[in-house]
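J.: Protein chains in written order, with the working numbering: chain A, 1 to 286; chain B, 1 to 286. No residue lacks a Cβ here, since even glycine has one placed at the ideal position from N, Cα and C. All of these numbers come straight from a predicted model, not from anything done at the bench.
(1) Quick check: the Cα distance between residue 74(B) and residue 233(A), rounded to an integer number of angstroms?
(2) In chain B, which residues lie less than 7 Å from residue 70(A) when you measure between Cβ atoms?
(3) Do the segment 50–58 of chain B and the segment 134–147 of chain B meet, that is, are 3 or more Cβ pairs less than 8 Å apart?
(4) Just to confirm the assignment, what range does the alpha helix (DSSP H) spanning residue 246(A) have?
(5) Using a Cβ cut-off of 8 Å (strictly closer), state whether residue 125(A) contacts chain E.
(6) Work out the CA separation of residue 102(B) and residue 4(B) for me, nearest whole Å.
(7) Within the same chain, show all residues whose beta-carbon is closer than 6 Å to that of residue 84(A), passing over the 5 residues directly before and after it, in chain order.
(8) Based on the DSSP secondary-structure assignment, which residues constitute the bridge partners of residue 51(B)?
(9) Examine chain A for any beta-carbon lying closer than 8 Å to the beta-carbon of residue 130(B), and answer yes or no.
(10) Could you check if residue 77(A) belongs to the surroundings of the ligand ATP, using beta carbon to heavy atom distance under 7 Å?
(11) So, residue 142(A) versus residue 196(A), is the Cβ gap smaller than 8 Å?
(12) I'd like to know if residue 240(A) contacts chain B, where contact means its C-beta is closer than 8 Å to some C-beta of that chain.
(13) By alpha-carbon positions, which one of 90(A), 182(A) and 205(A) ends up nearest to residue 272(A)?
(14) Whole angstroms is fine: what's the gap from residue 244(A)'s alpha carbon to residue 200(A)'s?
(15) Residue 71(A) by DSSP, collapsed to three states: which one?
(16) Using a Cβ cut-off of 8 Å (strictly closer), state whether residue 116(A) contacts chain B.
(17) Does the CB of residue 201(B) have a neighbour CB from chain A at under 8 Å?
(18) With DSSP collapsed to three states, give me the class of residue 292(A).
(19) Given this structure, state the Cα-to-Cα distance separating residue 202(B) from residue 68(A), to the nearest angstrom.
(20) Would you kindly work out how many angstroms separate the C-alpha atoms of residue 82(A) and residue 131(A), rounded to a whole number?
(21) Shorter than 8 Å from the beta carbon of residue 246(B) to some beta carbon of chain A?
(22) By the three-class DSSP mapping on this structure, what secondary structure does residue 43(A) have?
(23) What does residue 66(A) touch in chain B if you count any residue whose Cβ is under 9 Å from its own?
(24) For a test of the three-state rule: what should DSSP assign to residue 112(A), helix, strand or coil?
(25) Could you check what DSSP says for residue 21(B) in three-state terms: helix, strand or coil?
(26) Compare the Cα-Cα distances from residue 182(B) to each of 86(B), 239(B) and 268(B) and report the closest residue.
(27) When DSSP builds the beta bridges, which residues end up paired with residue 200(B)?
(28) Tell me the DSSP secondary structure of residue 89(A) in three-state form.
(29) Classify residue 92(A) as buried or exposed, calling it buried when 16 or more other Cβ atoms lie within 10 Å of its own Cβ.
(30) Please look up how many angstroms separate the CB atoms of residue 61(A) and residue 256(A), rounded, as I've assumed it's under 8 Å.
(31) Just to confirm, are residue 99(B) and residue 121(B) a CB contact at a threshold of 8 Å?
(32) Unbroken beta strand (DSSP E) runs of length 3 or more, entirely within the segment 145–219 of chain A: which are they?
(33) Note down the Cα distance separating residue 110(A) from residue 65(A), rounded to an integer number of angstroms.
(34) Could you check where the alpha helix (DSSP H) with residue 242(B) kicks off and where it finishes?
(35) Are there 16 or more other CB atoms within 10 angstroms of the CB of residue 23(B), so buried, or fewer, so exposed?
(36) Helix, strand or coil for residue 227(A)? Go by DSSP, reduced to three states.
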């Protein structure tokens with residue numbers, strides 16, 4: 001990775017701010033991401049469009065990871081898979097290049113985080129397969145549109161995420177705990193949130209658990225494994241959704257020589273409408 | 001394939017009739033299928049359990065076929081995928097052997113139907129991968145439970161199926177037309193059928209088209225490409241669902257050296273409840 005040439009790009013073009021991108025049409029926002037000017041989170045950018053978690057693996061691991069996603073559709077809802085060696089996500093947009101169109105990438109070597117970068121063009125290989133998984137931004141937009149308040153968004157925090165005692169269905173070398181995100185809600189909102197998110201099976205679908213955190217092996221809600229703590233207010237209960245961080249936990253067991261993911265919160269913004277996460281339309285919308 | 005030994009089995013054990021199996025618990029019905037006594041259609045056997053289309057391919061073709069299914073979720077909703085070389089469908093039941101538990105198999109060589117057999121144990125290879133795709137039996141049960149009449153079932157006929165002018169999203173060597181099944185309905189039933197089947201994205205989901213057959217390249221409803229003709233009665237409109245025969249059409253383009261499928265109507269009966277086709281629970285039910 002030639003960091004010096006990256007640095008020179010940033011000297012020419014100053015970084016862009018979140019508030020600048022969120023008001024741009026998606027193609028202009030994508031330009032800022034593509035040329036390295038924006039490396040921040042994507043919640044609220046390209047509103048109404050499907051965003052996705054990204055996992056890039058060598059083809060030797062692709063069939064087993066495909067199976068891992070198929071067997072664990074709630075944490076790992078596949079919305080797009082590239083051809084081997086092809087960096088274009090042809091079923092998710094007219095011109096989406098998985099090497100440049102994510103604001104920030106995590107590069108894992110042997111299962112351990114090795115580097116972060118805004119461009120993986122130099123790392124791309126002819127045997128890479130890119131997987132895009134639906135994410136919670138889709139259902140959070142739907143919840144807010146139905147008047148359900150989400151405290152982590154109001155407080156500009158990252159949602160709380162936890163390892164659970166629930167085990168993902170293994171596939172080849174991929175195994176590990178199911179990771180969940182938690183949102184505190186009043187029971188009446190929790191009931192509606194179940195109904196609303198059930199419409200989006202490709203964005204984690206309905207909750208995986210509700211109520212007692214200890215039931216799924218979470219001892220202390222205030223010490224999440226990822227994200228910010230979120231206190232329950234009087235009368236609120238915790239609502240748990242399967243989370244797209246699950247594959248990153250599985251990567252620790254599989255330890256592939258190389259694996260590239262998005263950095264948390266920095267998702268791939270597609271050209272496909274968010275309602276594609278309601279199911280069977282994927283593949284026919286571009 | 002040693003047909004003489006098969007014949008001797010059938011001499012010892014007479015064939016079982018559909019009406020015998022439909023009243024049996026699923027494990028006993030599966031025994032009759034497994035030992036070759038029953039080779040007929042499975043609609044109505046193991047009621048309430050998820051049934052699936054079967055496609056078995058060498059591992060060289062598995063990653064592209066996986067992509068084909070991911071990109072065409074309405075005709076090809078994946079509900080289970082075996083490990084390479086493992087004939088057990090471990091996410092679909094306690095003891096489901098894909099070599100014996102389908103009543104009748106089609107064996108394709110270079111994309112052409114070569115043989116039909118009730119047992120593929122002798123054909124199984126260490127590089128085979130078995131894919132199971134949801135099927136319309138699931139949503140037909142749901143429609144009938146909601147009081148919607150299905151004329152092909154009342155008349156004991158096979159649903160009408162057609163090649164369309166809609167093209168499946170290609171993946172590697174797999175390409176071809178989307179195949180649809182058609183059910184005639186009154187408009188009021190058609191509307192409810194859309195709502196009911198939308199609940200089952202892993203069983204083809206809501207219709208892919210409704211009304212004018214010419215819009216999707218079907219010139220004559222009375223000459224289906226597969227199944228029996230179904231005449232529209234006064235006031236009825238045709239309702240079209242994506243169909244699990246689509247992969248068999250794609251096999252004609254890919255022409256793998258060997259591919260084994262179920263014979264039409266002779267599905268794999270799983271241990272998983274039919275409502276698993278509503279989405280995200282697959283993989284966690286066994």
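T.: With the structure as the only source:
(1) As a working note, residue 74(B) is residue 74 in the second chain. As a working note, residue 233(A) is residue 233 in the first chain. Each residue's Cα considered, the two are about 42 Å apart.
(2) In the first chain, the residue the question calls residue 70(A) occupies position 70. Those within 7 Å of residue 70(A) in chain B are 78 and 81.
(3) yes
(4) Here residue 246(A) refers to the residue found at position 246 of the first chain. Unbroken alpha helix (DSSP H) run through residue 246(A): 246–254.
(5) In the displayed structure, chain E is absent; the protein chains listed are A and B.
(6) In the second chain, the residue the question calls residue 4(B) occupies position 4. In the second chain, the residue the question calls residue 102(B) occupies position 102. Note that residue 4(B) scores 42 on pLDDT, short of 50, meaning its location in the model is unreliable; the coordinates nonetheless yield the value given after this. In a straight line, the C-alpha of residue 4(B) is about 20 Å away from that of residue 102(B).
(7) Along the first chain, read from residue 1 onward, the residue named residue 84(A) stands at position 84. Closer than 6 Å at the Cβ level, and outside the excluded window around residue 84(A), lie 59 and 129.
(8) As a working note, residue 51(B) is residue 51 in the second chain. Beta-bridge pairing links residue 51(B) to 269(B).
(9) In the second chain, counting from the first residue as 1, residue 130(B) sits at position 130. Closer than 8 Å: no.
(10) Judged by which ligands are present, the structure shown has none, so any question about the ligand ATP falls away.
(11) Working through the first chain from its first residue, we reach residue 142(A) at position 142. Working through the first chain from its first residue, we reach residue 196(A) at position 196. Contact flag set, yes.
(12) Stepping through the first chain from its first residue, residue 240(A) is reached at position 240. Judged by the 8 Å Cβ criterion, residue 240(A) is not in contact with chain B.
(13) Sequence index remark: in the first chain, residue 272(A) carries index 272 (1-based). Taking only the C-alpha atoms, the option nearest residue 272(A) is 90(A).
(14) Counting from one through the first chain, the residue named residue 244(A) turns up at place 244. Counting from one through the first chain, the residue named residue 200(A) turns up at place 200. When rounded, the distance between both Cα atoms is 14 Å.
(15) Reading the first chain from its first residue, position 71 is the one you call residue 71(A). Helix at residue 71(A).
(16) Here the question's residue 116(A) lines up with position 116 in the first chain. No, no contact with chain B.
(17) Position 201 of the second chain holds residue 201(B). At least one chain A Cβ lies under 8 Å of residue 201(B).
(18) An answer regarding residue 292(A) cannot be provided, because it is not within the stretch 1 to 286 covered by chain A.
(19) Your numbering for residue 202(B) matches position 202 in the second chain. Your numbering for residue 68(A) matches position 68 in the first chain. Between residue 202(B) and residue 68(A), the C-alpha separation is close to 17 Å.
(20) The residue given as residue 82(A) occupies position 82 in the first chain. The residue given as residue 131(A) occupies position 131 in the first chain. Taking the straight line joining both Cα atoms gives about 7 Å.
(21) One-based indexing of the second chain puts residue 246(B) at position 246. No, its Cβ sits nowhere closer than 8 Å to a Cβ of chain A.
(22) To locate residue 43(A), count along the first chain from 1; it is residue 43. Residue 43(A) falls in the coil class under three-state DSSP.
(23) Start at 1 with the first residue of the first chain, and residue 66(A) comes out as number 66. By Cβ distance, chain B contributes 62, 63, 66, 67, 70 and 81.
(24) Here the question's residue 112(A) lines up with position 112 in the first chain. Correct three-state label for residue 112(A): strand.
(25) To locate residue 21(B), count along the second chain from 1; it is residue 21. Residue state, collapsed to three classes: helix.
(26) Counting from one through the second chain, the residue named residue 182(B) turns up at place 182. The option with the nearest alpha carbon to residue 182(B) is 239(B).
(27) On the second chain, position 200 is the one that residue 200(B) refers to. Partner(s): none; residue 200(B) has no beta bridge.
(28) The sequence position of residue 89(A) within the first chain is 89, counting from 1. Coil.
(29) For the purposes of this step, residue 92(A) is taken as residue 92 along the first chain, with counting starting at 1. Residue 92(A) is buried by the Cβ-count criterion.
(30) As a first step, residue 61(A) must be located in the first chain, where it is residue number 61. As a first step, residue 256(A) must be located in the first chain, where it is residue number 256. Correct: roughly 5 Å between the Cβ atoms.
(31) Counting from 1 along the second chain, the entry for residue 99(B) is found at position 99. Counting from 1 along the second chain, the entry for residue 121(B) is found at position 121. In contact: residue 99(B) and residue 121(B) (Cβ atoms closer than 8 Å).
(32) 160–167 and 177–185
(33) Residue mapping note: residue 110(A) aligns to position 110 of the first chain, counting from 1. Residue mapping note: residue 65(A) aligns to position 65 of the first chain, counting from 1. Spanning the two alpha carbons is a distance of roughly 15 Å.
(34) Position 242 of the second chain holds residue 242(B). Note, residue 242(B): premise wrong, no alpha helix (DSSP H); beta strand (DSSP E) at 237–242.
(35) Here residue 23(B) corresponds to residue number 23 of the second chain, with the count starting at 1. Burial call: exposed.
(36) As a first step, residue 227(A) must be located in the first chain, where it is residue number 227. In the structure shown, residue 227(A) sits in coil (DSSP, three-state: anything other than H, G, I, E or B).
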